[in-house]
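Engineer:
In the numbering used here, the protein residues as written are -5 to 276.
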């Protein structure tokens, strides 16, 4: 199995897990009345069809079809995950269905990463960047109910502002990239490092007490953002370090070549002087 087939296989397996969870007696009896059950079936059905289409496209090397379906898949699965795992959804707490739908989202991110992969952007960096953006969106959706209830505690305000700023940063980077512009790598490393520290503070605020003490979307999004921002920042820092070391090595090589040229020039001058002296002696 090739690396490009792996995300679609993962989506298929996670969708099958979600389907089993939906068809189980406890899920069906609870959700068929509220409409979640039917919506979950739609999410599973379309994801399975597109995952099979993706596997076929990779095998037949029809990348254009894969690119279009990948962007739809990540949007479709992310919306489905936010709805099915919301506080009123069938998978609000951790269960097979919960991990199944979020597994579909993660493998969709992987599929989009392969679509956007370029020589200048590593797979690790793209995965981390996409994961960071998704974590901020999920966290914002999770914190909005607290804001609507009029909760103005410093923790809720901090989480709300940090998630909005993160979404703004990710959106700006995506828009600039699509227009052919980009932040310098050093600036990216600094920004991602700052947001990494901000998300560590956020995760400690949110998950050690209020509001995301229990495992759920807010809990996993908080720590997912920490991990994703750390990976993205480390990737950019290491890239800046490699560029710096390359420049230093090239500068040293250039200095060595200049020194050798100077020495060779001096030796030629010395040889000519010795020759002239020998001629004068004769």
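Yeah, the Cβ is synthetic: ideal placement off N, Cα and C, and Gly gets one too. These numbers were taken from a predicted model, which means no experiment stands behind them.
Under a three-way DSSP split, which group does residue 200 fall into?
Structural biologist: As a position in the chain shown, residue 200 is number 206, starting the count at 1. If DSSP states are grouped into helix, strand and coil, residue 200 belongs with the helices.
Engineer: Extract the residue ranges of the alpha helix (DSSP H) inside the segment 52 to 94, only unbroken runs of 4 or more that lie entirely within it.
Structural biologist: 57 to 78, all fully within the segment 52 to 94.
Engineer: Can you list, in chain order, the residues of its chain with a C-beta nearer than 6 Å to that of residue 140? Leave out the 5 residues immediately preceding and following it.
Structural biologist: Working through the chain shown from its first residue, we reach residue 140 at position 146. Once the five neighbours on either side are set aside, the close Cβ partners of residue 140 are 150 and 205.
Engineer: Determine, using beta-carbon pairs with one atom in the segment 166 to 179 and one in the segment 129 to 140, whether at least three such pairs fall under 8 Å.
Structural biologist: Segments in contact, no.
Engineer: What ranges does the alpha helix (DSSP H) occupy inside the segment 117 to 186, keeping only unbroken runs of at least 4 residues that lie completely in it?
Structural biologist: Whole alpha helix (DSSP H) segments, 4+ residues: 117 to 142 and 148 to 172.
Engineer: DSSP state of residue 104, grouped into three classes?
Structural biologist: Mapped onto the chain shown, residue 104 falls at position 110. Looking at residue 104 - three-state DSSP - the assignment turns out to be helix.
Engineer: Three Cβ pairs or more, each shorter than 8 Å: is that satisfied between the segment 122 to 130 and the segment 37 to 56?
Structural biologist: No: the two stretches stay apart, fewer than three of their Cβ pairs being nearer than 8 Å.
Engineer: So, using beta-carbon positions, are residue 167 and residue 190 closer together than 7 Å?
Structural biologist: Against the chain shown, residue 167 aligns to sequence position 173. Against the chain shown, residue 190 aligns to sequence position 196. No. Outside cutoff.
Engineer: Please classify residue 29 as buried or exposed, where buried requires at least 16 other C-beta atoms within 10 Å of its C-beta.
Structural biologist: Position 35 of the chain shown, counted from the first residue, corresponds to residue 29. Counting Cβ neighbours within 10 Å, residue 29 comes out exposed, since fewer than 16 surround it.
Engineer: With a 10 Å radius around its C-beta and 16 neighbouring C-beta atoms as the bar for buried, classify residue 219 as buried or exposed.
Structural biologist: Numbered from its first residue, the chain shown carries residue 219 at position 225. Residue 219 is buried by the Cβ-count criterion.
Engineer: My understanding is that residue 133 touches residue 216, with C-beta atoms under 8 Å, so please give their C-beta distance in whole angstroms.
Structural biologist: Looking up residue 133 in the chain shown gives position 139. Looking up residue 216 in the chain shown gives position 222. The Cβ separation is near 6 Å, so the contact holds.
Engineer: Where do the N-terminal and C-terminal ends of the alpha helix (DSSP H) with residue 209 fall, by residue?
Structural biologist: Here residue 209 corresponds to residue number 215 of the chain shown, with the count starting at 1. Neither: residue 209 is in no alpha helix (DSSP H) and is coded neither H nor E.
Engineer: Does residue -2 come out as helix, strand or coil in the three-state DSSP assignment?
Structural biologist: Walking along the chain shown from the start, residue -2 turns up at place 4. Coil.
Engineer: Let me confirm a value: residue 92 is counted as buried when at least 16 other C-beta atoms fall within 10 Å, else exposed. Which label applies?
Structural biologist: Here residue 92 refers to the residue found at position 98 when the chain shown is read from its first residue. Buried: at least 16 other Cβ atoms inside 10 Å.
Engineer: Would you identify the three-state DSSP class for residue 29, choosing helix, strand or coil?
Structural biologist: The sequence position of residue 29 within the chain shown is 35, counting from 1. Correct three-state label for residue 29: coil.
Engineer: Smallest Cα separation from residue 194: which of 95, 156 and 162?
Structural biologist: The count along the chain shown starts at 1 and reaches residue 194 at position 200. Ranking the options by Cα distance to residue 194, first place goes to 156.
Engineer: Pick out whichever of 185, 192, 95 and 214 has its Cα sitting closest to the Cα of residue 13.
Structural biologist: Counting from 1 along the chain shown, the entry for residue 13 is found at position 19. For residue 13, the nearest C-alpha among the options comes from 95.
Engineer: Distance, Cα to Cα, residue 15 vs residue 73?
Structural biologist: Residue mapping note: residue 15 aligns to position 21 of the chain shown, counting from 1. Residue mapping note: residue 73 aligns to position 79 of the chain shown, counting from 1. For residue 15 and residue 73, the distance between alpha carbons rounds to 18 Å.
Engineer: Helix, strand or coil for residue 18? Go by DSSP, reduced to three states.
Structural biologist: Residue numbering aside, residue 18 sits at position 24 when the chain shown is read from its first letter. Residue 18 falls in the coil class under three-state DSSP.
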